[in-house]
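Student: 988 is the number of the first residue of the first sequence in our numbering; add one for each residue after it.
Every residue gets a Cβ at the ideal spot worked out from N, C-alpha and C, and that includes glycine.
Nothing here was measured: the structure is a model prediction, and the numbers come from that model.
First the structure, which I've put down as structure tokens, then a few questions once you've had a look.
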Amino acid sequence: MQTIRGFRDILPENIALWQKVEKEATRLFDAFGFKEIRIPVLEKTQLFSRSIGEATDIVEKEMYTFADRKGDKLTLRPEATASIVRSYIQHKMYATDPIRKFFMMGPMFRRERPQKGRYRQFYQIDAEVFGVESAYIDSQLIFILTELFKRLGLTGLSAHVNSLGCPDCRPSFQRALLDFIASKKDRLCDNCLRRIDKNPLRILDCKVTSCKDVLQDAPATLDHLCNHCEDHFATVKTTLETQGVDFIVDKSLVRGLDYYTRTAWEIQTTTLGAQSAVAGGGRYDGLVKELGGPQTPGIGFAIGFDRLVEVMEQLDKAPQATALDLFLICLGDMATEKGYHWSCALNQNGIRTEMDFRGKSMKALMKRANKLNAHYVLIAGEDELIQNAIILRDMNTKEQVSLPVETLVPELIKIFKK
RNA sequence: GUGGGUGUAGCUCAGUUGGCAGAGCGCUAGGUUGUGGUCCUGGAUGUCGAGGGUUCGAGCCCCUUCACUCACCCCA
């Protein structure tokens, strides 16, 4: 038996980095006023097809979709935004507070061919803000991302930023793009030809070199922004500059989900091969209404947790394994019984204590204490019990002191609480 | 979905023209009747990814399949 393709175990020896990221992210979100939300892993398929877009790769070929016993079409969530928007509408959160900020962490599912930094079950750290149209929140989200990555010690990242316009300016851009392409259709790949009808914007994102060549001088959304979008993007840029956040304006950044409007961004790394996006986000001012809520601006980002961890591993940012405070060596039945109660009492007081009940030799137990990286070893055999002098050995200095049985546990607690 | 590479001990990997399944690390026991890391000696551990075929004989050759991996694609 083994895990199914693209799914994997994250083992205890690798968990430290995950916890470090979780802790830093939670601390940061808390400081910026984000509240944690937990959403289901399974939703009605319709939720994703309507929000992400019928013509996107995610919906067309990557979702885990199946019929349950009653025949309802269900899908394992391929991303978090749709569910959070659904929850926001379902619980009429707009009615209790005009501004809501959420974050969540958890698994997402997409049936792609696995690759470095790409799994079928992968984890995202996600943040969403509802009810703020101001460009300051766009800058702030990008700032939060760069701040988190800075705290985690990441280097070699770059922020790519673009504006995709809004329903007011997009039609004129789309016309310009289609006019531009009209005479060059024979040089575009099949995928792009398909996109002309379904979602022309996506053509800009094509990675095929021949298409890239053709699109070298293609019109950009940036050149067709309406005044509102123009001002909005200008504020985003100047705010980031003032904050000292490095970014690149990337007019070919389109993003693969249809709901994005105005600001879109990606944080890219050079250390993961083809999987360059470590985080991505954007504004989606039409999505809440599209899914049946009131007109509400929205914006959010997702971090690829697995990728983040892999980058950190490559940069050697793993925290040190925690050492054991005390290892108990008890020789003989009587000492073992006493030792059991001592170790539990120490554990209750938060002291990392372990003992081995397998009846091994002194030497084997010392070796184990060493392997567990124990700071101290307590040695209790028949002799020590008779003489009422339990030995405490400092494994680094090799110094040994004797402690009486009656005050042993409080004495040890005193030592370790220092 | 398409293409390339790789699957041998827990891990990293050797394995010659087809001829007894190997090393290092790790694990374990001992050297030291009760004191770790270094050192020395011994021991255990294999569905050679799986299934089939060729052959007196297959880790090695052939077919099928699965997994991993990298790239395309897409995205986080």
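Quick one: residues in its chain with C-beta nearer than 7 Å to the C-beta of E1023, no 5 flanking neighbours on either side, listed in chain order?
Tutor: Position 36 of the first sequence holds residue 1023. Excluding positions up to five away in sequence, the list reads F1090, M1091.
Student: Measuring only the C-alpha atoms, how far is W1005 from V1296?
Tutor: On the first sequence, position 18 is the one that residue 1005 refers to. On the first sequence, position 309 is the one that residue 1296 refers to. Their backbone Cα atoms lie some 7 Å apart in a straight line.
Student: CA-CA distance, T1258 and P1281?
Tutor: Looking up residue 1258 in the first sequence gives position 271. Looking up residue 1281 in the first sequence gives position 294. Near 42 Å, if we compare the C-alpha coordinates of P1281 and T1258.
Student: Ignoring anything shorter than 4 residues or poking outside the segment 1279-1352, list the alpha helix (DSSP H) runs there in chain order.
Tutor: As far as the segment 1279-1352 is concerned, its whole alpha helix (DSSP H) runs of at least 4 residues are 1292-1301, 1320-1335.
Student: Am I right that M1342 and H1362 are in contact with their C-beta atoms under 8 Å? What's the rounded C-beta distance?
Tutor: Mapped onto the first sequence, residue 1342 falls at position 355. Mapped onto the first sequence, residue 1362 falls at position 375. That pair is no contact at about 15 Å.
Student: Have a look at I1366 and F1344 and give me their C-alpha separation to the nearest angstrom.
Tutor: Translated into the one-based positions of the first sequence, residue 1366 becomes position 379. Translated into the one-based positions of the first sequence, residue 1344 becomes position 357. Those two C-alpha atoms are separated by around 14 Å.
Student: Tell me the rounded alpha-carbon separation between L939 and P999.
Tutor: Any question about residue 939 goes unanswered here, given that the chain covers just 988 to 1405.
Student: How far does the alpha helix (DSSP H) with H1219 in it reach, from first residue to last?
Tutor: Locating residue 1219 in the first sequence gives position 232, counting from the first residue. Element bounds for H1219: 1214-1230.
Student: Three Cβ pairs or more, each shorter than 8 Å: is that satisfied between the segment 1147-1155 and the segment 1242-1255?
Tutor: Yes: the two stretches touch, three or more of their Cβ pairs being nearer than 8 Å.
Student: Using CA coordinates, which residue listed in D1059, L1175, K1088 is at the minimum distance from F1016?
Tutor: The residue labelled residue 1016 in the question sits at position 29 within the first sequence. For F1016, the nearest C-alpha among the options comes from K1088.
Student: Measure from the alpha carbon of A1122 to the alpha carbon of each residue in E1398, G1287, V1265, then state which is nearest.
Tutor: On the first sequence, position 135 is the one that residue 1122 refers to. The option with the nearest alpha carbon to A1122 is G1287.
Student: Using the C-alpha atoms, what's the distance from L1141 back to V1298?
Tutor: The residue you call residue 1298 lines up with position 311 of the first sequence. The residue you call residue 1141 lines up with position 154 of the first sequence. If you take the alpha carbons of V1298 and L1141, they lie about 8 Å apart.
Student: Classify F1021: buried if its beta carbon has 16 or more other beta carbons within 10 angstroms, exposed otherwise.
Tutor: What you label residue 1021 is simply residue 34 of the first sequence in a count that begins at 1. Buried: at least 16 other Cβ atoms inside 10 Å.
Student: Going by CA-CA distance only, name the one from K1103, E1393, M1095, L1034 that's closest to I1112.
Tutor: In the first sequence, residue 1112 corresponds to position 125, counting from 1. When each option's Cα is compared against that of I1112, the closest is M1095.
Student: Counting only runs that start and end within the segment 1047-1111, where is the alpha helix (DSSP H) found for 4 or more residues in a row?
Tutor: Runs of the alpha helix (DSSP H) inside the segment 1047-1111: 1068-1077, 1080-1083.
Student: Decide if M1080 is buried, meaning its Cβ has at least 16 other Cβ atoms within 10 Å, or exposed.
Tutor: For the purposes of this step, residue 1080 is taken as residue 93 along the first sequence, with counting starting at 1. Its Cβ being crowded by 16 or more others within 10 Å, M1080 is buried.
Student: If I follow the unbroken beta strand (DSSP E) through S1389, where does it start and stop?
Tutor: Taking the first sequence and counting its residues from 1, one reaches residue 1389 at position 402. 1387-1390 is the span of the beta strand (DSSP E), which, as asked, contains S1389.
Student: Leaving aside the five residues before and after L1278 along the sequence, list all residues of the same chain whose C-beta is less than 7 Å from its C-beta, in chain order.
Tutor: Looking up residue 1278 in the first sequence gives position 291. Closer than 7 Å at the Cβ level, and outside the excluded window around L1278, lie R1037, S1038, V1072, R1073, I1076.
Student: Three or more beta-carbon pairs under 8 Å between the segment 1199-1213 and the segment 1149-1161, yes or no?
Tutor: Short answer: they touch.
Student: Helix, strand or coil: how does DSSP classify T1383 here?
Tutor: Within the first sequence, numbered from 1, the residue matching residue 1383 stands at position 396. Rather than Thr, the amino acid found at residue 1383 in this sequence is Asn. Coil.
Student: Going by alpha carbons, who is nearest to R995 out of A1082, K1103, D1084?
Tutor: As a first step, residue 995 is located in the first sequence; it is residue number 8 there, counting from the start. Considering only alpha carbons, the answer is K1103.
Student: With a CB to CB cut of under 6 Å and the five nearest residues on each side skipped, what residues in its chain are close to L1302?
Tutor: Residue mapping note: residue 1302 aligns to position 315 of the first sequence, counting from 1. Cβ within range, chain order: n/a, list empty.
Student: Do C1179 and C1156 come within 8 Å of each other at the CB atom, strictly closer than that value?
Tutor: Residue 1156 sits at position 169 when you count from the first residue of the first sequence. Residue 1179 sits at position 192 when you count from the first residue of the first sequence. No.
Student: Kindly examine the ligand HEM and report whether one of its heavy atoms sits closer than 7 Å to the Cβ of K1172.
Tutor: By its list of ligands, the structure shown contains no ligand whatsoever, and the ligand HEM lies outside what it can speak to.
Student: Measuring straight from C-alpha to C-alpha, what distance separates E1115 and D1245?
Tutor: Working through the first sequence from its first residue, we reach residue 1115 at position 128. Working through the first sequence from its first residue, we reach residue 1245 at position 258. About 17 Å.
Student: Just the C-alpha distance for K1048 and Q1033, rounded to the nearest angstrom, thanks.
Tutor: In the first sequence, the residue the question calls residue 1048 occupies position 61. In the first sequence, the residue the question calls residue 1033 occupies position 46. Looking at the two C-alpha atoms, the distance is approximately 15 Å.
Student: Judging by CA-CA distance, which residue of L1188, E1134, V1119 is the nearest neighbour of S1159?
Tutor: Numbered from its first residue, the first sequence carries residue 1159 at position 172. When each option's Cα is compared against that of S1159, the closest is L1188.
Student: Can you have a look at C1331 and say buried or exposed, based on whether 16 or more other CB atoms are within 10 angstroms of its CB?
Tutor: Working through the first sequence from its first residue, we reach residue 1331 at position 344. That one is exposed.
Student: In the DSSP assignment, the alpha helix (DSSP H) including T1133 goes from what residue to what residue?
Tutor: Here residue 1133 is taken as the residue at index 146 of the first sequence, counted from 1. Per DSSP, T1133 belongs to the alpha helix (DSSP H) from 1122-1138.
Student: What is the rounded straight-line gap between the Cα of P1284 and the Cα of F1035?
Tutor: To locate residue 1284, count along the first sequence from 1; it is residue 297. To locate residue 1035, count along the first sequence from 1; it is residue 48. Distance between the alpha carbons of P1284 and F1035 is about 19 Å.
Student: Using only the alpha-carbon positions, how far apart do A1376 and A1308 sit?
Tutor: Position 389 of the first sequence holds residue 1376. Position 321 of the first sequence holds residue 1308. When rounded, the distance between both Cα atoms is 32 Å.
Student: Skipping 5 residues on each side, what residues in its chain have a beta carbon closer than 8 Å to that of V1070?
Tutor: As a working mapping, residue 1070 is identified with position 83 in the first sequence. Inspection of the sequence shows that residue 1070 is occupied by Ser rather than by Val. For S1070, where only same-chain residues beyond five positions count, the Cβ hits under 8 Å are I1026, P1027, E1030, L1034, R1064.
Student: Along the chain, where does the alpha helix (DSSP H) that runs through K1276 open and close?
Tutor: Locating residue 1276 in the first sequence gives position 289, where the first residue counts as 1. From DSSP, the alpha helix (DSSP H) with K1276 extends over 1274-1277.
Student: For Q1262, report the span of its alpha helix (DSSP H) as first-last.
Tutor: On the first sequence, residue 1262 is found 275 positions in, with the first residue counted as 1. Unbroken run through Q1262: none, as it is neither H nor E.
Student: Going by Cα to Cα distance, which pick from I1190, R1162, D1192, F1109 is closest to V1265?
Tutor: The sequence position of residue 1265 within the first sequence is 278, counting from 1. V1265 has its Cα closest to that of F1109, out of I1190, R1162, D1192, F1109.
Student: Could you give the distance in angstroms between the alpha-carbon of L1318 and the alpha-carbon of F1019?
Tutor: As a working mapping, residue 1318 is identified with position 331 in the first sequence. As a working mapping, residue 1019 is identified with position 32 in the first sequence. Looking at the two C-alpha atoms, the distance is approximately 55 Å.
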